[in-house]
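Counting in this note's numbering, the sequence shown tops out at residue 337, every number present.
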Amino acid sequence: MNGSEFGFSIDLQRIPLVWSAEVASSPWFPSQGSTTAHDVDWLFNWILALSVVFFVGIVVTMAWFAFYYRRRPGFDPGHAPHHNTALEITWSVIPLLLTIAIFYYGFVGFLDMTVSPANAYEIKVSGQKWKWLFTYPNGHVDDNLHVPLGVPSTLLMTSEDVIHSLYIPDFRIKKDSVPGRYSRLWFEPTEAGEHDLFCAEYCGTSHSGMIAKVVVHPVGEFDKWLSDAALAELNASPVEAGQRLYNTRGCAQCHSIDGKAGTGPTFKGDFGSTHPIVGGASITVDENYVRESILEPQAKVVAGFNPVMPTYQGRLSDKEIGAIIEYLKTLK
Ligand code: CUA
């Protein structure tokens, strides 16, 4: 948009948007990154324009009536007619047709966005306080969402604890991930690059930190990224694997490694140390205590902290727990 012919100029590309580093497609939308984004924006703008037209029309008419028919000396409004069939049909039928059109386009768009194409690439998503985890068909688990360009991807989502909501503004998609059931969300990215992913359902202390990146890989590069990522996981030493698990499985959200207390005790210097626990006894942090605390977090809670950690029973293998223990030992 350029208004220089009116003596001023607006460069929309210079208006920064807090939710996206990308260039905006309009002043109030983030950039369009998926095949559905254009239709969503179009319908939104259309409904907005319609609302503005009716709002202005109704308010102006109302103000004019209030002014023109106000009670004043020497003014006789005469008799208002009780009925005007033509007028009443007009003001009923036109809005009816408009709302049917809004419903039609909204419903068709909703169905499009709900039913994922049969050939879509499936990625499993799990929300947990306060981390997203994306599991790929080859078993690789990542804390960012990597997807191929120009191919529909479908997310099979669930939650480990409370209701979260996966929201990718650039793709114009959002859906709850609910504990104990699966929900599905699909999209087809239209450009390679990065997009923001948020949790859009208030889910506790670090809700605002429950963010991730969507990385759209050009055709051909996605498969390479996926096999490299899986290979790096396979070849990692226990300490490297433990560090990775610490960062990707939600440990980092509550347990710092710099000595600061968070929702849970810091991991710095934790291994081998002794703590009083709720109830009065005390424990020494050894392999068995770490293992028990991962599988049964409420068994022995360190004094001064709330029993809020979810269990990792069935979510971390013995090998992974071993790797986390090895990593903890390095945090002196
Ligand atoms: Cu998860 Cu907000």
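We put the beta carbon where it would ideally sit given N, CA and C, even for glycine. From a predicted model like this one, the values you see are computed outputs, not experimental measurements.
Residues Gly264, Leu336 and Lys337 of the same chain have their beta carbon placed closer than 8 Å to that of Gly274, with the five preceding and five following residues left out of the count. A buried status is given to Gln258, since no fewer than 16 other beta-carbon atoms sit within 10 Å of its beta-carbon. Its chain contains Gly38, Ser39 and Thr40 as the residues whose beta carbon lies nearer than 7 Å to that of Thr195, once the 5 sequence neighbours on both sides are disregarded; these appear in chain order. Shown here, His212 sits in a helix according to DSSP, grouped into three states.
Not one heavy atom of the ligand CUA lies closer than 6 Å to the C-beta of Glu331. If you draw a straight line from the Cα of Lys129 to the Cα of Glu331, it comes to about 28 Å.
The beta carbon of Ser261 sits closer than 8 Å to the beta carbons of Gly267, Thr271, Phe272 and Lys273 from its chain, once the five residues preceding and following it are set aside; these are given in chain order. In this structure, DSSP gives Lys136 an extended state, which the three-state scheme calls strand. If you draw a straight line from the Cα of Val57 to the Cα of Leu171, it comes to about 31 Å.
Secondary structure in the stretch 257-295: the beta strand (DSSP E) runs of 3 residues or longer, each lying completely within the stretch, are 279-281 and 287-289 in chain order. If you draw a 10 Å sphere on the C-beta of Asp233, you find fewer than 16 other C-beta atoms in it, and that means exposed. Under the Cβ criterion (8 Å, minimum of three pairs), the stretch 118-135 counts as touching the stretch 161-171. Annotation: the continuous alpha helix (DSSP H) that includes Asp233 extends over Glu226 to Asn240.
Remark: the shortest separation between the CB of His212 and any heavy atom of the ligand CUA falls under 6 Å. From the listed residues Phe192, Ile105 and Ser211, the smallest Cα separation to Gly269 is found for Ser211.
Straight-line measurement puts the Cα of Ser36 at about 17 Å from the Cα of His222. Counting of Cβ neighbours within 10 angstroms places Ile329 among the buried residues, the total reaching 16 or more.
Gly185 has its alpha-carbon roughly 32 Å from the corresponding atom of Asp44. When rounded, the separation of the alpha-carbon atoms in Phe276 and Ala125 is 45 Å. According to the DSSP secondary-structure assignment, Glu127 is paired through a beta bridge with Thr159.
The shortest C-alpha to C-alpha distance from Gln318 to any of Glu245, Val307, Phe227 and Gln303 is the one to Gln303. At a cut-off of 6 Å, the beta-carbon of Met162 does not count as near the ligand CUA: no heavy atom of the ligand is closer than that. One alpha carbon belongs to Asp117, the other to Trp135, and they sit about 30 Å apart.
Sixteen is the threshold: since fewer than 16 other Cβ atoms of the shown chains lie within 10 Å of the Cβ of Leu102, the residue is exposed. The C-beta of Asp147 has 16 or more other C-beta atoms within 10 Å across all chains shown, which makes the residue buried.
In the three-state reduction of the DSSP assignment, Leu53 falls in the helix class. In this structure, the alpha-carbon of Leu250 lies about 16 Å from that of Tyr141. The Cβ atoms of Ser182 and Ser158 do not sit closer than 7 Å to each other. Around the CB of Met67, fewer than 16 other CB atoms lie within 10 Å, so the residue is classed as exposed.
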